[in-house]
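Report on the following structure.
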C-alpha cells in the first residue's frame, strides 16, 4: 500500500516533474509543456476495472495551449500522440506512486483507437488508466494497462496494452 496521497494537484505534479516527489532517479513526469494533465483525482494499486490499479486524471483545455497553433494552422487539433503520452505518463506515475524505484520509460502499446478530436473549444480531458498487470521483481518493474481519454464526456482515445517500465539505469 502506498504512503502517498490518492489525489495530486498541479503543484504536486510539478514537484514530480522536478524529481521531488518520488526521489531523484525515480519516476518523473515531464515538465510543461509536455505535462499532459493538471491533476490526478484518484489512484490505487488495487482498484480499477481489473483490481490491479488505476489512475484518473484531468487536463484543462485552453485555446492558447501550445499545440493548437501548430497542429494544424487554421484547423487546430490536439495531436493524438499527446493523449497517448498522457496515458503513458500516468501509467509510469502509478508505478512511482506504488513506491517502486527507477526511471520510467514507455515500452509500447498494443492498440490505439482515435475516435474523436480535441479542439480548442473543449473544456476538459479525463484520463482513465486501468492496469491489467503490474510486476515488480529483481529484474523487471513494469506496468501494463488499458486506457481511455474522454473530452467533455465523449470518448476520444482508447488504448490497449500500454507498457511502461522502470529501470535503475
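Numbering (this note's numbering), first residue to last: 7 to 175. Glycine included, every Cβ here is placed at the ideal spot set by N, Cα and C.
Could you tell me which of 16, 106, 36, 101 sits nearest to residue 24, measuring between CA atoms?
The candidate whose alpha carbon is nearest that of residue 24 is 36.
Based on Cα-Cα distance, which residue from 155, 88, 50, 104 lies nearest to residue 142?
Measuring from the Cα of residue 142, the nearest candidate turns out to be 104.
Endpoints, beta strand (DSSP E) assigned at residue 71
Where residue 71 is concerned, there is no enclosing beta strand (DSSP E), given that its DSSP letter is neither H nor E.
Alpha carbon to alpha carbon, how far is residue 120 from residue 93?
Each residue's Cα considered, the two are about 13 Å apart.
I'd like to know whether the C-beta atoms of residue 64 and residue 132 end up nearer to each other than 8 Å.
Contact flag set, yes.
Quick check on residue 138 - is its C-beta less than 8 Å from some C-beta in chain B?
This model lacks chain B altogether; it includes just one protein chain.
May I ask you to list the residues that DSSP assigns as paired with residue 60?
50, 136.
Opposite residue 16 in the DSSP bridges: which residues?
Partner(s): none; residue 16 has no beta bridge.
Kindly confirm or deny that the region 64 to 82 and the region 25 to 44 touch, where touching means at least three C-beta pairs closer than 8 Å.
The region 64 to 82 vs the region 25 to 44: in contact.
Tell me the residue span of the alpha helix (DSSP H) that contains residue 110.
Where residue 110 is concerned, there is no enclosing alpha helix (DSSP H), although the beta strand (DSSP E) it sits in stretches over 109 to 114.
Where residue 86 falls: helix, strand or coil (DSSP)
Helix, per DSSP.
Is residue 97 helix, strand or coil when you go by DSSP?
In this structure, DSSP gives residue 97 a helical state, which the three-state scheme calls helix.
Output the boundary residues of the beta strand (DSSP E) element that contains residue 5.
Lying outside 7 to 175, the shown extent of the chain, residue 5 is not represented and no answer is given.
When the Cα atoms are used, what is the spatial distance from residue 128 to residue 71?
One C-alpha to the other measures close to 12 Å.
Spell out a yes or no on whether the region 11 to 28 and the region 44 to 60 are touching, meaning 3 or more CB-CB pairs, one atom from each, closer than 8 Å.
Enough Cβ pairs lie closer than 8 Å, so yes.
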